[in-house]
Amino acid sequence: MSTSVLAQTAASASCVPASERQIEALFDRWNASLATQDPDKVVANYAPDGVLLATVSNQPRTSPAEIRDYFVKFLKGAPQGKIDSRTIRVGCNVAQDIGTYTFKFKDGKAVHARYTYVYEWLNGQWLIAHHHSSAMPESIAAK
Numbered sequence: 001m002s003t004s005v006l007a008q009t010a011a012s013a014s015c016v017p018a019s020e021r022q023i024e025a026l027f028d029r030w031n032a033s034l035a036t037q038d039p040d041k042v043v044a045n046y047a048p049d050g051v052l053l054a055t056v057s058n059q060p061r062t063s064p065a066e067i068r069d070y071f072v073k074f075l076k077g078a079p080q081g082k083i084d085s086r087t088i089r090v091g092c093n094v095a096q097d098i099g100t101y102t103f104k105f106k107d108g109k110a111v112h113a114r115y116t117y118v119y120e121w122l123n124g125q126w127l128i129a130h131h132h133s134s135a136m137p138e139s140i141a142a143k
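Encoded structure:
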C-alpha cells in the first residue's frame, strides 16, 4: 500500500459517521435549549472557539462569554424556531445545516431568517463551530 492510501485509510478510520437525521437533530437540541430560557444551556451547544453571527446583533460573538451575553438578551423574547427549508452536508467530523427558519416570540412577532450551522465533532459530541443567522432581505409577502 502506498503512503497516501494508508494516510487516507487512517483519516477515514477517525471520521465519525453521521446521518442527515442526526445532524437535523442538532437543531432540535439547540432549539430545546432555547426553551429552557437558560443561556448556559444554549452556550453548551457551541464549541469553545465557536463563532455566532446572530440575527439581531451587529457584533460577532467569538467566545462563550460573548455568545452567552447575546442569549441572555435574546431569550427574554422566549424564541422558538422552526425550520422552513434546509440542506445538510456531512463530511469527516464536520457537518453543515444550511437553510431558512422562522422564529416566533412571546409577543406574537415572527422573524424569517437564513441560517448556517457548521458543526464539528469535538470531545465525543457535535458542537456548533459557526452559526450565522440573518433576517431575510426580502419580505415573505413580496415573493
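With the first letter of the sequence shown counted as 1, position 137 gets the number 137 in the UniProt record's numbering; the numbers rise by one all the way through. From the three backbone atoms N, C-alpha and C, an ideal C-beta is built for every residue, glycine too. All values reported here derive from a predicted model rather than from experimental measurement.
- Query: When DSSP labels each residue in this structure, what does Ser85 get in the three-state scheme?
  - Reply: For the purposes of this step, residue 85 is identified with residue 85 of the sequence shown, where counting begins at 1. The three-state reading of DSSP puts Ser85 in strand, counting E and B together.
- Task: Can you tell me which of Leu122, Gly124, Ile88, Ser33 puts its alpha carbon nearest to the alpha carbon of Tyr115?
- Result: Sequence index remark: in the sequence shown, residue 115 carries index 115 (1-based). Comparing alpha carbon positions, the residue from Leu122, Gly124, Ile88, Ser33 closest to Tyr115 is Ile88.
- Message: Can you give me the C-alpha to C-alpha distance between Asp40 and Arg68, rounded to a whole angstrom?
- Response: Here residue 40 is taken as the residue at index 40 of the sequence shown, counted from 1. Here residue 68 is taken as the residue at index 68 of the sequence shown, counted from 1. Between Asp40 and Arg68, the alpha-carbon positions lie close to 7 Å from each other.
- Message: Checking 9 Å against the spacing of the C-beta atoms, do Lys82 and Phe103 come in under that value?
- Response: Counted from its first residue, the sequence shown places residue 82 at position 82. Counted from its first residue, the sequence shown places residue 103 at position 103. Going by C-beta atoms, Lys82 is nearer than 9 Å to Phe103.
- Under a three-way DSSP split, which group does Glu138 fall into? Start at 1 with the first residue of the sequence shown, and residue 138 comes out as number 138. Three-state DSSP puts Glu138 in coil, outside helix and strand.
- Task: Specify, as a first and last residue, the run of the beta strand (DSSP E) that Phe105 falls within.
- Result: Position 105 of the sequence shown, counted from the start, is the residue given in the question as residue 105. That residue, Phe105, is in no beta strand (DSSP E); it is neither H nor E in DSSP.
- Task: State the start and end residues of the unbroken beta strand (DSSP E) segment that holds Pro48.
- Result: Looking up residue 48 in the sequence shown gives position 48. Element bounds for Pro48: 46-53.
- Go ahead and pull the three-state DSSP assignment for Gln37. The residue you call residue 37 lines up with position 37 of the sequence shown. In the structure shown, Gln37 sits in coil (DSSP, three-state: anything other than H, G, I, E or B).
- Message: Using a Cβ-based criterion (distance less than 8 Å to any ligand heavy atom), does Val90 qualify as near the ligand SAM?
- Response: As for the ligand SAM, it is missing from this structure, which has no ligand bound.
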